[in-house]
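K.L.:
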Amino acid sequence: MGAGLLAAAVLAVKRTPIPDLATFRRLAVVAGGVVVGFPLFTALALVSVPASRGAIVVGMLPAATALVATLRHGERPSRSFWLAATGGLITVVVFAIVTGTRGRPEPADALLLLAVASAAIGYAEGGSVSRSIGGWQTISWALVLALPITLPVAIIAMVSHGIIEADAASVAGFAYVTIFSMLVGFFAWYAGLSKGGVARVSQIQLTQPILTLLWASLLLNEEITPTAMLAAVLVLVFVLMTRRAPVTTSKPADPAIAGGQ
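Structure representation (structure tokens):
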């Protein structure tokens with residue numbers, strides 16, 4: 088809710104032109120994926136699994152995003168790219184299985200997979216739309232489109248749980264997620280996806296597990312196991328490999344928008 092209201096204010100102050108209907112449809116896909124689906128499924132999953140576990144599993148997101156970019160937007164990563172991306176994917180899947188209850192996946196892993204699918208679609212679509220309207224405009228309009236869902240949900244949550252009893256740490260965490268995770272961070276993210284290509288740039292997210300493991304240890308006092316560290320290092324190696332692999336584009340990145348101009 089907060090990020091959506093801030094985004095609306097930014098669009099108003101900048102007097103940003105309203106996108107056409109075709110672009111709005113694509114922005115709705117972005118909103119459904121990264122504003123609603125990914126946060127919702129991730130939050131539900133992390134009720135049952137630690138943040139460090141969830142971070143590694145979400146390491147599957149770069150490969151999933153590259154796949155969507157290939158199927159939907161005409162990007163053609165090379166064989167070496169897919170070998171490296173598959174290596175990262177296998178690493179996180181094996182980690183999830185090994186660290187699950189009695190060596191088996193947990194029910195919460197299904198929610199994490201839904202989160203990955205939602206974000207992959209939203210990232211790939213948003214990166215493509217950003218080539219037409221810009222990175223910060225893409226996430227801002229997506230957040231505004233999601234307000235009919237996020238606003239009432241936030242109000243119900245505040246009424247049900249109350250906001251007066253929230254401590255300073257909770258308020259600071261909420262402010263950080265609202266301003267940076269859901270808004271400012273996406274300005275650079277979508278700009279990068281549009282300029283560097285969705286498949287290639289998305290692989291940078293393989294470094295997220297390392298950073299999340301670090302912050303989970305510092306802020307949540309979670310133990311970082313040798314297995315988790317090994318998985319994190321492996322995915323970092325794979326992301327470096329994908330950065331060196333060639334990626335081409337076989338057709339216009341924005342066929343729907345290009346055709347309407």
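In my numbering, each number is its position in the sequence shown, counted from 1, plus 87. Note that beta-carbon positions come from the ideal geometry of N, C-alpha and C, so glycine has one too. Everything numeric in this text was worked out from a predicted model, so none of it was measured.
1) Rounded to the nearest angstrom, what separates V145 and A206 at their Cα positions?
2) Measuring CA to CA, which of T265, G161 and R112 is closest to G284?
3) Given this structure, state the Cα-to-Cα distance separating V324 from P313, to the nearest angstrom.
4) To which residues of the same chain is P342 closer than 6 Å at the C-beta, ignoring the five residues directly before and after it?
5) When burial is assigned at 16 or more other CB atoms within 10 Å of the CB, is S289 buried or exposed?
6) Among V271, P126 and T335, which has the Cα closest to the Cα of I236?
7) Pick helix, strand or coil for V134, following the three-state DSSP scheme.
8) Which of helix, strand or coil does DSSP assign to V246?
9) Using DSSP's beta-bridge definition, name the partner residues of P164.
10) Write down every uninterrupted run of the alpha helix (DSSP H) in the region 302–332 whose length is 4 residues or greater and which is fully enclosed by it, in chain order.
11) Could you check which residue in P194, R331 and L300 has the C-alpha nearest to that of I311?
12) Please report how far the alpha carbon of L234 lies from the alpha carbon of S257, in whole angstroms.
13) S167: buried (16+ other C-beta within 10 angstroms of its C-beta) or exposed?
14) Which residues bound the alpha helix (DSSP H) around T103?
15) Kindly give me the distance between the Cβ atoms of T265 and A90, rounded to whole angstroms, as I take these residues to be in contact under 8 Å.
16) Taking only the alpha-carbon atoms, compute the straight-line gap between N308 and V136 and give it to the nearest angstrom.
17) Sort A132, G124, A172 and L133 by Cα distance to M147 and report the nearest one.
18) Can you name, in chain order, every residue of its own chain whose Cβ lies under 7 Å from the Cβ of A132, other than the five neighbours on each side?
19) Can you give me the C-alpha to C-alpha distance between K282 and Y263, rounded to a whole angstrom?
20) Taking just the CA atoms, how far does G124 sit from A303?
21) For T335, which residues of its own chain have a beta-carbon under 7 Å away from its beta-carbon, when the five flanking residues on both sides are left out?
22) Assuming L232 contacts L114 under a Cβ cut-off of 8 Å, what Cβ separation, rounded to an integer in Å, is found between them?
P.N.:
Straight from the coordinates:
1) Mapped onto the sequence shown, residue 145 falls at position 58. Mapped onto the sequence shown, residue 206 falls at position 119. Whole-angstrom Cα-Cα distance: 10 Å.
2) Here residue 284 refers to the residue found at position 197 when the sequence shown is read from its first residue. The alpha carbon of G284 has as its nearest neighbour, out of T265, G161 and R112, the alpha carbon of G161.
3) Position 237 of the sequence shown, counted from the first residue, corresponds to residue 324. Position 226 of the sequence shown, counted from the first residue, corresponds to residue 313. Between V324 and P313, the alpha-carbon positions lie close to 17 Å from each other.
4) Taking the first residue of the sequence shown as 1, we reach residue 342 at position 255. Note on P342: pLDDT 43, under 50, position unreliable in the model; the coordinate value appears next. Taken in chain order, the list of residues that qualify is empty.
5) Taking the sequence shown and counting its residues from 1, one reaches residue 289 at position 202. Burial call: buried.
6) As a working mapping, residue 236 is identified with position 149 in the sequence shown. When only C-alpha atoms are compared, the closest one is P126.
7) Numbered from its first residue, the sequence shown carries residue 134 at position 47. V134: coil per DSSP, three-state reduction.
8) Stepping through the sequence shown from its first residue, residue 246 is reached at position 159. Correct three-state label for V246: helix.
9) Translated into the one-based positions of the sequence shown, residue 164 becomes position 77. In the DSSP output, where bridge partners are listed per residue, P164 has V334.
10) The DSSP assignment places 313–331 as complete runs of the alpha helix (DSSP H) inside the region 302–332, in order along the chain (cut-off: 4 residues).
11) Mapped onto the sequence shown, residue 311 falls at position 224. With distances taken between Cα atoms, I311 lies closest to L300.
12) Along the sequence shown, one-based indexing puts residue 234 at 147. Along the sequence shown, one-based indexing puts residue 257 at 170. So the alpha carbons of these two residues sit roughly 22 Å apart.
13) Locating residue 167 in the sequence shown gives position 80, where the first residue counts as 1. Under this definition S167 is an exposed residue.
14) Sequence index remark: in the sequence shown, residue 103 carries index 16 (1-based). T103 -> no alpha helix (DSSP H), and no H or E assigned at all.
15) Numbered from its first residue, the sequence shown carries residue 265 at position 178. Numbered from its first residue, the sequence shown carries residue 90 at position 3. That belief holds up - the Cβ atoms of T265 and A90 are roughly 5 Å apart, short of 8 Å.
16) Sequence index remark: in the sequence shown, residue 308 carries index 221 (1-based). Sequence index remark: in the sequence shown, residue 136 carries index 49 (1-based). So the alpha carbons of these two residues sit roughly 14 Å apart.
17) As a working note, residue 147 is residue 60 in the sequence shown. Closest by alpha carbon: A172.
18) For the purposes of this step, residue 132 is taken as the residue at position 45 of the sequence shown. Taken in chain order, the residues that qualify are G141, A195, L198, L199 and A202.
19) In the sequence shown, counting from the first residue as 1, residue 282 sits at position 195. In the sequence shown, counting from the first residue as 1, residue 263 sits at position 176. Each residue's alpha carbon lies about 26 Å from the other.
20) For the purposes of this step, residue 303 is taken as residue 216 along the sequence shown, with counting starting at 1. For the purposes of this step, residue 124 is taken as residue 37 along the sequence shown, with counting starting at 1. Rounded to whole angstroms, the separation of the alpha carbons of G124 and A303 is 23 Å.
21) Start at 1 with the first residue of the sequence shown, and residue 335 comes out as number 248. Closer than 7 Å at Cβ, skipping near neighbours: R163.
22) Against the sequence shown, residue 232 aligns to sequence position 145. Against the sequence shown, residue 114 aligns to sequence position 27. L232 to L114, Cβ: 6 Å. Contact.
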